[in-house]
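What follows is a short report on a single structure.
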Amino acid sequence: MARPTSPILAADTGRAQAAALAVLAVLAGLQVLLLAGSWWLAARRGGEMKPDLQADGAGAGGAATSALGAPPQPGQLAGESSSLSTLAFSTGTATAPPMPGELAGDSAGLTTAPTMAAPLGAVQAPSAGTAARHPELEELLDTVRQLRPLDDTAGMLAVLRRCEELQPGDPEVQSEFALTYEQMGLNDKAALYWRKLAEAGPAVAGDFYGMAVGRLKELGELGPAEQPQASTQASVQTAAQGDQVLKIGPCAVVKDPAVTQGERITLRIPIQRLVEGYIEPTAVSVDVFFYDLVNGSKVEPTRADPPVSRWVAEPVDWSGQPEEEPLDMVYFLPPMSSQEVKDHGERQFYGYVVKLYYQNRLQDTAAAPPDLAGEKEARAGAGTAQAR
Numbered sequence: 026m027a028r029p030t031s032p033i034l035a036a037d038t039g040r041a042q043a044a045a046l047a048v049l050a051v052l053a054g055l056q057v058l059l060l061a062g063s064w065w066l067a068a069r070r071g072g073e074m075k076p077d078l079q080a081d082g083a084g085a086g087g088a089a090t091s092a093l094g095a096p097p098q099p100g101q102l103a104g105e106s107s108s109l110s111t112l113a114f115s116t117g118t119a120t121a122p123p124m125p126g127e128l129a130g131d132s133a134g135l136t137t138a139p140t141m142a143a144p145l146g147a148v149q150a151p152s153a154g155t156a157a158r159h160p161e162l163e164e165l166l167d168t169v170r171q172l173r174p175l176d177d178t179a180g181m182l183a184v185l186r187r188c189e190e191l192q193p194g195d196p197e198v199q200s201e202f203a204l205t206y207e208q209m210g211l212n213d214k215a216a217l218y219w220r221k222l223a224e225a226g227p228a229v230a231g232d233f234y235g236m237a238v239g240r241l242k243e244l245g246e247l248g249p250a251e252q253p254q255a256s257t258q259a260s261v262q263t264a265a266q267g268d269q270v271l272k273i274g275p276c277a278v279v280k281d282p283a284v285t286q287g288e289r290i291t292l293r294i295p296i297q298r299l300v301e302g303y304i305e306p307t308a309v310s311v312d313v314f315f316y317d318l319v320n321g322s323k324v325e326p327t328r329a330d331p332p333v334s335r336w337v338a339e340p341v342d343w344s345g346q347p348e349e350e351p352l353d354m355v356y357f358l359p360p361m362s363s364q365e366v367k368d369h370g371e372r373q374f375y376g377y378v379v380k381l382y383y384q385n386r387l388q389d390t391a392a393a394p395p396d397l398a399g400e401k402e403a404r405a406g407a408g409t410a411q412a413r
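Position one of the sequence shown corresponds to residue 26 (the working numbering), numbered consecutively onward.
Structure follows, in structure tokens:
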């Protein structure tokens, strides 16, 4: 059976279709116009640019190429034209890498181009006559600074002597030596190092020059006497040649019989002169390391009181006969409580190691028993004596 249709619906549908077709026709026309306009504009711009480029290329092809950032021409690299490299270095706005002609040295124009000044804050190379510092030096100096509040002067001197071996004459090392000797109460020896820095001048000593002058004023050591100054110069020359100046004579160990509780041992160390000439007393130092026998079987650095040193004859100058100066170093181990014995073992004096230095250069070593010669020195139980 045929379905009846509504004349009202048929009329509405026809009008909607007509409206949709009209909208689509309008949109299609707009797209065609837009495409045509774009093509026309592109064709017009291309026609205008082509004559300009041809004219520029005929008149100044090199300038146009450099303006567009093209690579430099072979003539420029070989040194035929130095205008671009000169501009890059003279403006100061940027640091250009050196051109091949500059590295090879085959272009006079490029090698004479002005160089830029180093920017503020840049790391500068050491000036002429300034030796580069040893890479281990700063680490060793940090160790010295850590030991200073602990009053471990023997440890500081041992580390500073290693610094002196790595970097002879370094101003900072010299100042640390001076501060260490001041800490030990050896102002005469400290003044010797401050004076070296002051005599070196600010060009060599840098900031340590002013520090040295200030310390010499406080110590009352502004003007060194003429005769000691000449003697110091002679002794420095002798030591700089690597000659052995002093040696350790036969040492004697004397036990104090009056001490029945604990132990008191006096170690007498004769320091003998080997060469003719003046021996600078303040340049002589002696390090002594004592060792204990623990529970009758084990050897350890002593836990005794810090050793006390005393030069037997004053003044110490190696001018008499025989040509030696004896040094006494006293070891004292007080009675130990039962708790101390439990913690650290039963202890008694076992032996010693002595190291003799002149101008911070090792001169001689002595050890007893001989098996201690290979022991690694520990700061515990160590003592240092300085001639005045």
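Glycine residues also receive a C-beta, built at the ideal position from the N, C-alpha and C atoms. As the structure is a computational prediction, the values presented were derived from the model and not from experiment.
So is residue i buried or exposed if we call it buried at 16+ other beta carbons inside 10 Å?
i           : result
residue 78  : No answer about residue 78 holds up, because its pLDDT of 42 lies below 50 and its placement is not dependable.
residue 368 : exposed
residue 105 : With a pLDDT of only 42 at residue 105, under the threshold of 50, the placement of this residue in the model should not be trusted, and no figure is reported.
residue 193 : exposed
residue 58  : exposed
residue 342 : exposed
residue 277 : exposed
residue 185 : buried
residue 332 : buried
residue 327 : buried
residue 56  : exposed
residue 64  : exposed
residue 410 : buried
residue 196 : buried
residue 176 : exposed
residue 49  : exposed
residue 214 : buried
residue 222 : buried
residue 230 : buried
residue 220 : buried
residue 47  : exposed
residue 68  : exposed
residue 54  : exposed
residue 60  : exposed
Can you check DSSP and say which residues form a bridge with residue i?
i           : result
residue 374 : 317
residue 334 : 354
residue 326 : 316
residue 304 : In the DSSP output, where bridge partners are listed per residue, residue 304 has none listed.
residue 221 : Paired residues: none, contrary to the question.
residue 349 : 297
residue 280 : 290
Using only alpha-carbon positions, find the residue among the options that is nearest to residue i.
i           : options               : result
residue 318 : 182, 375 and 329      : 375
residue 330 : 293, 321 and 356      : 356
residue 200 : 380, 236 and 171      : 236
residue 340 : 158, 172 and 307      : 307
residue 321 : 371, 231 and 60       : 371
residue 358 : 284, 191, 49 and 178  : 284
residue 288 : 51, 373, 231 and 409  : 373
residue 383 : 394, 354 and 182      : 182
residue 205 : 231, 230, 229 and 166 : 166
residue 240 : 207, 334 and 280      : 207
residue 388 : 410, 360 and 298      : 298
residue 325 : 360, 397, 344 and 279 : 397
residue 172 : 234, 231, 226 and 202 : 202
residue 160 : 231, 218, 282 and 187 : 187
residue 392 : 385, 379 and 211      : 379
residue 360 : 222, 286, 189 and 216 : 286
residue 354 : 395, 335 and 232      : 335
residue 349 : 281, 282 and 275      : 275
residue 158 : 168, 170, 190 and 178 : 190
residue 279 : 223, 377, 198 and 323 : 377
residue 209 : 174, 42, 234 and 163  : 174
residue 309 : 385, 45 and 238       : 385
residue 381 : 60, 296 and 394       : 296
residue 198 : 164, 337, 66 and 344  : 164
Which two residues bound the contiguous alpha helix (DSSP H) that contains residue i?
i           : result
residue 236 : 232-244
residue 389 : Premise fails: residue 389 lies in the beta strand (DSSP E), 386-393, not in any alpha helix (DSSP H).
residue 189 : 178-191
residue 203 : 196-208
residue 166 : 162-172
residue 365 : 363-369
What residue does the beta strand (DSSP E) around residue i start on, and which one ends it?
i           : result
residue 291 : 288-298
residue 271 : 271-273
Do residue i and the ligand GTP come close, with the Cβ less than 8 Å from some heavy atom?
i           : result
residue 305 : For the ligand GTP, the structure offers nothing, since it holds no ligand at all.
Quiz item: Would the stretch 296-305 and the stretch 361-375 be scored as touching if the rule is three or more Cβ pairs under 8 Å?
Solution: no
Quiz item: Below 8 Å, can you find three or more Cβ-Cβ pairs linking the stretch 266-276 to the stretch 230-245?
Solution: Counting Cβ pairs under 8 Å, fewer than three are found: no touch.
Quiz item: Can at least three beta-carbon pairs, one atom from the stretch 310-317 and one from the stretch 290-298, be found at a separation below 8 Å?
Solution: yes
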